[in-house]
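Residue numbers (our numbering): 15 to 94.
Heads up, the beta-carbon is just placed ideally off N, CA and C, and yes, glycines get one too.
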């Protein structure tokens with residue numbers, strides 16, 4: 015993931031609004047041709063962050079990470 019802490023902060027801020035209903039785990043292949051303009055404009059996009067994992071393993075890791083974050087929000091009383 016290219017998350018440097020912003021995903022958790024964004025999720026927490028939105029959860030506190032009381033309008034949090036859906037979470038999506040989304041991955042893009044770092045060499046996807048459709049993302050070429052973004053890679054050209056923004057440093058850091060297009061970097062392989064799979065760390066040797068398969069695409070499926072990266073998706074599972076993303077789901078586990080989001081589940082832990084959501085469970086933490088429930089434990090802290092931010093979500094019910």
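For the pair residue 69 and residue 31, the Cα-to-Cα distance works out to about 33 Å.
The three-state reading of DSSP puts residue 19 in coil, since its state is none of H, G, I, E or B.
Using a C-beta cut-off of 8 Å, the stretch 25-39 makes contact with the stretch 68-88, since at least three inter-stretch Cβ pairs fall below that distance. Check the Cα spacing between residue 66 and each of 59, 75 and 58: the tightest is with 75. Of the candidates 91, 71, 19 and 58, the residue whose Cα lies closest to the Cα of residue 44 is 58. Following the DSSP letters along the chain, one finds residue 91 in no alpha helix (DSSP H), marked with neither H nor E.
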